[in-house]
Structures are given as structure tokens and as C-alpha cells.
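In the working numbering, the protein residues as written are 1 to 478. Reading through the C-alpha cells given below for one structure.
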Amino acid sequence: MAKDQLPKQAENFPAWYLEVVKRAGMAEHGPARGSQIIKPYGFALWEAVQRALDDRFKATGHENVYFPLLFPEKLLAQEADHVEGFAPQVAVVTRGGGEELEEPLVIRPTSEVIMWSTYKNWIQSYRDLPLLLNQWCNVVRWEMRTRLFLRTSEFLWQEGHTAHSTEGEAVQEALQMLEVYREVAEDELAIPVLTGRKSASERFPGALETYPIEALMRDGKALQAGTSHFLGQNFAKAYDVQFLSTHGELEYAWATSWGVSARVVGGIIMTHGDDKGLRLPPRVAPVQIVIVPIYSSDEGKGGVLELAARVNEALIGRSVRVKVDDRDQYRPGFKFAEWELKGVPLRVEIGPRDVAAGQVTVADRINGGKKAYSAVSFIDEAPALLKELQRALFADAKAFRDANLREAASFAELRDGLREHGGFWTAPWCGDFQCEQKVSAETKATIRVLPLVREDPGAPCAVCGKPGVERATWAQSY
RNA sequence: CGGGAAGUGGCGCAGUUUGGCAGCGCGCUGCGUUCGGGACGCAGAGGCCGGGGGUUCAAAUCCCCCCUUCCCGACCA
């Protein structure tokens, strides 16, 4: 009988989540308020996400850079909406070298300010544009309430900051990166997402449009897994970034910024996890196949380890991330449970019976179940099997998301649905902040997305009954 | 930042009410038996009881301040 079981996912989702994060060896709390230490297994997953994103950034012409962690506080004050939005969450360094600093330094909560105040020096002509830069870094935001991966006071992310000569090009850039994020979420992380625009009240401070990807967690709450912003000329004007156009006129540059953080690691856990722990998408799983050798006597041991080593090498030859768990101190049942907790997509069991039959026993973490393969055919089929599991995991998550993406015809239905069922609820909206606020006040939900292209819903606002201007999608969220 | 709960070997906890030798389970180390779904025996190691101050002959235990974590709100990737 299994000892030391996880909390049931359905009974206490937050406790289940924290247990998985800790027991799978992904992260633990750090010593400072809201900080976290990311452990090797969690970091390996983040690295896989980084690779998937970075490959696409390069493919779309972006270059990586690094800007300072600290910059003078007064720089922050130049863009009104931006400073107002971030001031409460900014950490400030006031001492250095054993003395009070004359000029306090802020720890970046995001880098629009330091980058755009520098872009001023880099951009003179339309020939300097577009400027397509990204950086992988950490940022600090003094959040009131924190949770491992999902909201920590310091977090890892990438932030792209681009400058363009025309409004149209900047909007296209923001939408292009939204599409990159959608593709990484769905094709790599197997997380189906909604894309769209944010309402004015949910927009990034200083942005004209914010385009998010929104995912649905297994407890019915939404998670913003990435955002792309069209910033207009706000930052160019605040930091005086002007260029000479083809017509010889001085113009302000157009900006975008976009980011994905290590929060998505939490998103993977909460999208795919079950009562046994994680289920990882093969494309980003640090270990795709684990081989567990089983032997009951020293005589059987040699043959088992030999077959395990052969399968291991053959899989490495097929570019599979494979690991042989030959730890002597644990028995097979313990290893099975542990790798299930860690979410490894396929587990290969090789024991004396398998050696005798020239076969391997393969357990499937995504769909469940075990199946015997001849060693040779498993080696041949493994890459295709992993592809199939990736597809199955996405299909699973999508079925759940689609089943929890509902339409509300009335305010009562919207309110009760958000309160009682959770998930996404779509309803016609008049566009007024008052109506948005009323729903939020009664349900704790917020508008997660509006359609990318505004379209008449052909029905009155579910809240006030005035003519609707578009359909809003609501959910409670992390 | 408001309301609630909690911090005791790596992890999970008891002990605090009523002050008096710091304990239990898991894990860890060694040896042996085991090994196809979370093994067992024997012998060990490991703790300024979150931090600082106070009361007392004596503090994990009582008082004050601070820090951190969890849950519920307000804030957010």
C-alpha cells in the first residue's frame, strides 16, 4: 500500500500543488519574503521552456541582450501610467558601500525604463529600426501574497523590448509574439490557451493594448501564461526616443514589450497534474523515458542491467532524453511511484521475465496502463510514442478547457456560473468599466480576454442591458 | 497591507493549557536479508525548539518586538 500519499487534487488544490512542487524536487521557499529556490528538476523544466521560446525569438529576428538590475529611481518617474502601476511593488536599494546612497536605486520590476532610456542613444534614424531585443533575467516585484512559481517576489523571465518606425509594424510585432507564445504553450507545453486583448483596467501600465495567453488550470481558475504589449509612443515620448524618418522628419518610435516567466512551470503542473503528481509533456520533459531495472537475485542482475544499458544507448542514439534508475537502495515499487510523481511520460521496466522473453514492459504516465514490447520494436517506436503522448496530453487538456468554456446569456447565469462552476464564461459586454467592476465585485472574476478583433455580439450587455460592443471572457484567476 | 493559523533534527508532527532531562514517525549512515507497485531486522548519527529582548532559581513552554510560511481578502506574470 502506498504511504505518504499526495493530497487529492479535487479536495484541496492548493495543498496538492505545493506538495507536488516540493516532493517532485522543483522548488522550495527561500529565506526572504516570497522568494523561492528553484531546484534542479524544476529548473530543467524551465530551461526546456526557455529553449523553446528562444529558438522562436531567434527565428523571428530577435537578439539577446542584458541590461542592469539596478537603475536610478528618478528614471522610473518619467512615464506617468507606468510609475503609477509599478511604484507600490518596487524594491528600492538605499544603502551601498556602507553608506546611504544619494540617489536611491530601484531593482527592476520590468525593464521598459532602463531599456528605453538607453534606446534614446541607440536610435537616430529609421535605419536603426526596427530594434528587436530580448533579455533573459530576473525581476523583483513586492507582491503581497506569494506562491511557489506562480507569484514570487523575485522571478525569472524573458522580456522582449522592440522599437519600430511605424504604428502598424509595432502592432504586428506585438501580435506576432502573441502567436509565438500561443504556439509554445500549445505545441511544446501542451497547454491550450485563449488569446485576445485585455480590457483597459487589466492592461499593462503604460500599454495601449495588452495581448495575453490565458490557460485554464484543473481547479477551474485561469492563469495568464504570457503577455505581449503594444506600447504606442508612450515610452518614446517619456524617454525622448526620436528618429529621422525617410521624409526627413523627426518622429517618436513605436514600442512593444512581451514576457513569459517561470510561472509557466506552475502552469504545466496545474494543467496536467493528477492525483499521482505531475504529467509532463514529452517535448519539455527533462526525462522523457526512465528505465527501471528489476532483479531479485545477483544471478538475474547481470542480464537485466545489460538489456537496460542496451535500450538506454539505443534511445540516446534516437535523441530521446532517457535515464536508467539503477539506484540500489530503492525497490522497484518505490521508483515507480517516484517517477510517476515527477511526471516522466514513459517508464520502461526491465526484469528477469523481460530478459527471458526479449521484451520490455512500458508504463504510460499520460494515458495510464502498461504494455509489453519487444526490445527492438520499442526502441524503434519510442520517438513516435512520445509524439503521440504529447498529442494525447494536449487533447486531454483541451477537452477539459473546452468543457469549461461556457456562454452566459444573462447576468445571473454569468454570476452563478463563475461562482459555482469556475472555468471561462463568455458574455456580451457594453465595454463600460462599471459593468466589468460589478461582475468582479460579485464573483471575484476578471475579464481574461476580449476578442482580438472587436465584433458586435448581436446581444445586449449581460450586466446592464445596453447594446453590447463585444464578447468578454471571464474567469477567476491566479 | 487587513483578518485567521502556524514555525521544534532533512520532512511531517507531539510536547506549550499547568515552566523542571527535547521526544515520535519518515528520511539519513553502517551491516545483513530483500527487490515485478512506496521492504524488513539490528546498530548509529543528527536539534542555540524561527530571531531578538524580558520575567524566573529554571523558558520550546509565560510577556514584548521582529522575521517567515500557509489560508481568506485587497495587489499582480
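Cβ atoms here follow ideal geometry from the backbone N, Cα and C, with glycine treated the same way.
The continuous alpha helix (DSSP H) containing R415 extends over residues 411-416. Look at H272 here: in three-state DSSP terms it is helix.
Three or more beta-carbon pairs separated by less than 8 Å link the segment 41-61 to the segment 167-184, which places the two stretches in contact. Note on the segment 107-179: whole alpha helix (DSSP H) runs with a minimum of 4 residues are 112-122, in chain order. Per DSSP, the beta-bridge partners of K370 are A363.
When the five nearest sequence neighbours on each side are left out, the beta carbons in the same chain lying within less than 8 Å of the beta carbon of E340 are those of K276, G277, R347, R365, in order along the chain. 8 Å or more divides the Cβ of A459 from the Cβ of L418. Distance from the CA of A24 to the CA of A337, rounded to the nearest whole angstrom, comes to 11 Å.
Around the C-beta of P31, fewer than 16 other C-beta atoms lie within 10 Å, and the residue is accordingly described as exposed.
As for any beta strand (DSSP E) of minimum length 3 sitting wholly inside the segment 282-335, the runs are 289-293, 322-324, ordered along the chain. For F424, the pairing in a beta bridge is given by DSSP as L405.
Around A397, the same chain offers A190, I191, P192, T271, H272 as residues with beta carbons nearer than 7 Å, after the five sequence neighbours per side are excluded.
Between E388 and the set E179, G422, A236, P345, the nearest pair of CA atoms involves P345. Distance between R283 and Y373, taken at the CA atoms: about 22 Å. Scanning its chain for C-beta atoms nearer than 6 Å, with the 5 sequence neighbours on each side dropped, one finds around L307 the residues I350, V355, in chain order. Residue range 433-443 is occupied by the alpha helix (DSSP H) that includes S440. Sixteen is the threshold: when 16 or more other Cβ atoms of the shown chains lie within 10 Å of the Cβ of P109, as they do, the residue is buried.
Closest in alpha carbon position to D380, among A408, C435, T443, E313, is E313. Rounded to the nearest whole angstrom, the CA to CA distance from L231 to E159 is 14 Å.
H62 sits in coil when the DSSP states are folded into three classes, being neither helix nor strand. Here P212 carries a strand assignment [DSSP, helix/strand/coil].
Looking at Y478, Q476, A472, the one whose alpha-carbon comes closest to that of K198 is A472. F67 sits close to Q135, with the two beta carbons spaced by under 8 Å.
Sequence-distant Cβ neighbours of H29 in its own chain, meaning closer than 8 Å and more than five residues away, are S35, Q36, I37, L148. The beta carbon of K120 sits closer than 6 Å to those of Y239, D240, V241, all from its chain and outside the five residues before and after it, given in chain order. By DSSP's assignment, G277 forms a beta bridge with D274.
Ranking T162, A215, W46 by CA distance to the CA of A253 puts T162 first.
Separation of A10 and N367 (C-alpha to C-alpha, rounded to the nearest whole angstrom) is 19 Å. Beta-bridge partners of V348 (DSSP): I291, V362.
Under the three-state reduction of DSSP, R263 is assigned to helix. Between V265 and M26, the CB-CB gap stays under 8 Å. Apart from the 5 residues on each side of it in sequence, T152 sits with its Cβ closer than 8 Å to the Cβ of G34, S35, Q36, E143, T146 in its chain, given in chain order.
The distance from the Cβ of Q224 to that of E209 is about 15 Å, inconsistent with a contact at the 8 Å cut-off. Put simply, of A392, R406, Q50 the residue whose alpha carbon is nearest the alpha carbon of V180 is Q50. Burial check for W46: the Cβ neighbour count within 10 Å reaches 16 or more, so the residue is buried. At the C-beta level, E79 and V106 stay beyond 8 Å of one another.
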